[in-house]
Amino acid sequence: MTDDSSDEKWQIGAEKLTDVYQGMVSVVPPGLMDFSDIMTRDLFGGIWTREQLDVSQRRLIVLGVIAAIGGPNTWKLQCKSALKRGELTEDQVREVLIQATPYVGYPRAAEMVGTTEEAISECRREAAEAEAAADAADETN
Numbered sequence: 097m098t099d100d101s102s103d104e105k106w107q108i109g110a111e112k113l114t115d116v117y118q119g120m121v122s123v124v125p126p127g128l129m130d131f132s133d134i135m136t137r138d139l140f141g142g143i144w145t146r147e148q149l150d151v152s153q154r155r156l157i158v159l160g161v162i163a164a165i166g167g168p169n170t171w172k173l174q175c176k177s178a179l180k181r182g183e184l185t186e187d188q189v190r191e192v193l194i195q196a197t198p199y200v201g202y203p204r205a206a207e208m209v210g211t212t213e214e215a216i217s218e219c220r221r222e223a224a225e226a227e228a229a230a231d232a233a234d235e236t237n
């Protein structure tokens with residue numbers, strides 16, 4: 097990165113990336129990878145921070161695009177992030193895929209069904225583990 101405005105935009109992007117993905121995607125320190133610098137600065141410091149759409153609206157767009165082009169790992173990350181941020185319920189995550197199916201085709205959508213259920217199961221498990229840890233901490237205090 098070369099100037100203060102670029103550094104500031106990268107910092108804003110790093111904060112937005114952490115918020116959007118609830119810490120599930122690590123922010124690569126600046127200067128280590130050009131790709132990460134550009135993604136953090138331009139995608140998260142520029143596009144995801146625009147005021148015209150909120151994060152949940154942007155997420156629905158991203159989910160639609162991923163349903164169309166494929167990418168089960170990215171689909172899973174987006175689903176988990178939407179669930180953790182409270183943007184979508186489990187049923188709504190499933191409904192996004194149902195809505196997309198006639199447009200993207202059954203074979204493409206079918207690839208995402210199992211991934212969707214994995215994301216939901218993982219979120220449930222992680223929430224239960226966090227609750228158990230909080231309960232255990234309360235008991236020791």
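In this text, residue positions in the sequence shown follow the numbering used here: the first is 97, and each later residue adds one. Glycine included, C-beta positions come from ideal geometry on N, C-alpha and C.
For V200 against A164, the beta-carbon gap comes to about 5 Å, under 8 Å, which counts as contact. By the neighbour-count criterion, in which 16 or more other beta carbons inside 10 Å mark a residue as buried, L159 falls on the buried side.
Per DSSP, reduced to three states, the secondary structure at M135 is helical.
In the structure shown, S217 falls within a helical segment according to DSSP collapsed to helix, strand and coil. Within a 10 Å sphere around the beta-carbon of R137 sit 16 or more other beta-carbons, which makes this residue buried. Contact annotation: F140 and G109 have beta-carbon atoms nearer than 8 Å.
By the neighbour-count criterion, in which 16 or more other beta carbons inside 10 Å mark a residue as buried, V209 falls on the exposed side. If the five residues before and after Q118 are omitted, its C-beta is found closer than 7 Å to the C-beta atoms of S177, K180 and R181, all from its own chain and listed in chain order. Between T212 and L193, the C-beta gap is smaller than 8 Å, which places the two residues in contact. With contacts defined by Cβ atoms closer than 8 Å, V116 and V151 form a contacting pair.
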